[in-house]
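In structure tokens, the structure reads:
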């Protein structure tokens with residue numbers, strides 16, 4: 001059981017470049033989330049999705065875009081990378097929206113923008 | 001505005017003793033509180049949760065206590081084991097429009113269990 005799979009694990013981007021962080025889950029979870037964690041900070045929600053075709057902004061959506069064409073996949077797109085987007089990115093999923101069940105997180109993507 | 005605060009960045013405990021991790025919050029609308037554990041180079045792992053209508057929830061060696069009047073919760077690990085060495089995140093959720101549960105995370109406390 002793979003759970004939540006994120007690729008790549010590490011990436012270095014130059015300012016202005018674009019990339020897509022991939023996230024896939026095999027648990028048939030409806031809800032999926034993208035978080036970023038900066039050093040010494042808690043996780044901040046970037047975007048979330050309550051099901052295929054439905055996405056919404058979180059706390060820090062600027063500079064990012066998402067899509068959810070299938071239940072399994074929830075890619076995060078950075079169009080014009082900036083140094084402020086240097087962070088560790090975590091994708092998470094849960095079957096229902098009730099947070100007391102806890103999220104299943106991927107292992108993260110460490111992104112550096114130089 | 002930091003609604004979930006973990007004021008201790010680190011904690012060291014001897015193996016076999018009790019570890020107590022603390023968390024304070026400011027939003028009285030939070031309805032669930034959760035703890036996650038995170039090892040280096042891995043994603044957070046859900047540990048235990050508690051509803052705002054309860055004051056205690058226990059799961060094996062892990063117990064979470066909630067004091068609503070003080071807006072304070074704590075995670076007790078008894079007995080502590082070296083494998084418990086990790087960063088522990090406190091989190092709290094409140095329901096938003098459309099049924100979405102917004103989860104707010106603290107900055108984490110690094111626990112070191114010394115053999």
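Residue numbers (our numbering), protein chains in the order written: chain A, 1 to 114; chain B, 1 to 115. Backbone N, C-alpha and C fix where the C-beta goes; we use that ideal spot for every residue, glycine too. Note that the coordinates shown come from a computational prediction; the quantities given were computed from them, not determined experimentally.
- Message: If you measure between the beta carbons of residue 42 of chain A and residue 107 of chain B, is that distance less than 7 Å?
- Response: The count along the first chain starts at 1 and reaches residue 42 of chain A at position 42. The count along the second chain starts at 1 and reaches residue 107 of chain B at position 107. In contact: residue 42 of chain A and residue 107 of chain B (Cβ atoms closer than 7 Å).
- Query: Going along chain A, which residues have a C-beta under 9 Å from residue 41 of chain B?
  - Reply: Within the second chain, the letter at position 41 stands for residue 41 of chain B. Within 9 Å Cβ-Cβ: 9, 107, 108, 110.
- Message: Just to confirm my understanding: we take residue 29 of chain A, look at its own chain, exclude 5 residues before and 5 after, and list those with CB closer than 7 Å. What are they?
- Response: Within the first chain, the letter at position 29 stands for residue 29 of chain A. Correct list, in chain order: 93, 94, 95.
- Query: When you check each C-beta in the stretch 38-71 of chain B against every C-beta of chain A, which residues fall closer than 9 Å?
  - Reply: Contact annotation: in the stretch 38-71 of chain B, residues whose CB is within less than 9 Å of a CB in chain A are 38, 41, 42, 43, 44, 45, 46, 47, 48, 49, 50, 51.
- Message: What residue range does the beta strand (DSSP E) around residue 67 of chain B cover?
- Response: Taking the first residue of the second chain as 1, we reach residue 67 of chain B at position 67. Unbroken beta strand (DSSP E) run through residue 67 of chain B: 62-67.
- Message: Against residue 4 of chain B, what residues of chain A qualify as contacts under a CB-to-CB distance less than 8 Å, listed in chain order?
- Response: Sequence index remark: in the second chain, residue 4 of chain B carries index 4 (1-based). Residues of chain A passing the Cβ test: 42.
- Message: Just to confirm the assignment, what range does the beta strand (DSSP E) spanning residue 32 of chain A have?
- Response: Here residue 32 of chain A is taken as the residue at index 32 of the first chain, counted from 1. Counting along the chain, the beta strand (DSSP E) containing residue 32 of chain A begins and ends at 31-37.
- Message: Just to confirm my understanding: we take residue 20 of chain A, look at its own chain, exclude 5 residues before and 5 after, and list those with CB closer than 8 Å. What are they?
- Response: The residue labelled residue 20 of chain A in the question sits at position 20 within the first chain. Excluding positions up to five away in sequence, the list reads 75, 76, 77, 78.
- DSSP state of residue 55 of chain B, grouped into three classes? Position 55 of the second chain, counted from the start, is the residue given in the question as residue 55 of chain B. It is coil, neither helix nor strand.
- Same chain only: Cβ atoms within 7 Å of residue 8 of chain A, ignoring 5 sequence neighbours per side: Here residue 8 of chain A refers to the residue found at position 8 when the first chain is read from its first residue. These residues qualify, in order along the chain: 109.
- Query: What do you get for residue 34 of chain B, buried or exposed, if any count of 16 or more other CB atoms within 10 angstroms of its CB means buried?
  - Reply: In the second chain, residue 34 of chain B corresponds to position 34, counting from 1. Per the 10 Å Cβ criterion, buried.
- Item | Any C-beta of chain A under 7 Å from that of residue 30 of chain B | Within the second chain, the letter at position 30 stands for residue 30 of chain B. For residue 30 of chain B, the answer is no, since every Cβ of chain A falls outside 7 Å of its Cβ.
- Task: Give the straight-line distance between the Cα atoms of residue 58 of chain B and residue 31 of chain B, rounded to the nearest whole angstrom.
- Result: Here residue 58 of chain B is taken as the residue at index 58 of the second chain, counted from 1. Here residue 31 of chain B is taken as the residue at index 31 of the second chain, counted from 1. Distance from the CA atom of residue 58 of chain B to the CA atom of residue 31 of chain B, rounded to whole angstroms, is 18 Å.
- Query: How big is the Cα-Cα spacing for residue 25 of chain B and residue 65 of chain B?
  - Reply: What you label residue 25 of chain B is simply residue 25 of the second chain in a count that begins at 1. What you label residue 65 of chain B is simply residue 65 of the second chain in a count that begins at 1. The alpha-carbon atoms of residue 25 of chain B and residue 65 of chain B are separated by roughly 13 Å.
- May I have the straight-line CA-CA distance separating residue 38 of chain B from residue 16 of chain A, to the nearest angstrom? Against the second chain, residue 38 of chain B aligns to sequence position 38. Against the first chain, residue 16 of chain A aligns to sequence position 16. One alpha carbon belongs to residue 38 of chain B, the other to residue 16 of chain A, and they sit about 32 Å apart.
- Grab me the residues of residue 92 of chain B's own chain with a C-beta within less than 6 Å of its C-beta, minus the 5 sequence neighbours each way, in chain order. Mapped onto the second chain, residue 92 of chain B falls at position 92. Apart from sequence neighbours up to five positions away, the residues of its chain that approach residue 92 of chain B with a beta-carbon distance below 6 Å are 4, 25, 30, 33, 104, ordered along the chain.
- Task: Give me whichever residues DSSP pairs with residue 94 of chain A in a beta bridge.
- Result: Translated into positions along the first chain, residue 94 of chain A becomes position 94. Beta-bridge pairing by DSSP links residue 94 of chain A to A:31.
- Query: Got a sec? Which residues, its chain only, sit under 6 Å from residue 65 of chain A by beta carbon, not counting five neighbours each side?
  - Reply: Indexing the first chain from 1 puts residue 65 of chain A at position 65. So the list reads 77, once near-sequence residues are dropped.
- Task: Can you tell me the Cβ-Cβ gap for residue 21 of chain B and residue 74 of chain B, rounded? I've got them flagged as a contact below 8 Å.
- Result: One-based indexing of the second chain puts residue 21 of chain B at position 21. One-based indexing of the second chain puts residue 74 of chain B at position 74. The pair is a contact, with the Cβ atoms about 6 Å apart (cut-off 8 Å).
- Contacts of residue 25 of chain B in chain A (Cβ-Cβ under 9 Å): Looking up residue 25 of chain B in the second chain gives position 25. Here the premise fails: no neighbours, minimum Cβ distance about 12 Å.
- Going by Cα to Cα distance, which pick from A:60, A:67, A:59, A:80 is closest to residue 53 of chain A? Counting from 1 along the first chain, the entry for residue 53 of chain A is found at position 53. Across the set A:60, A:67, A:59, A:80, the C-alpha of A:67 shows the shortest separation from the C-alpha of residue 53 of chain A.
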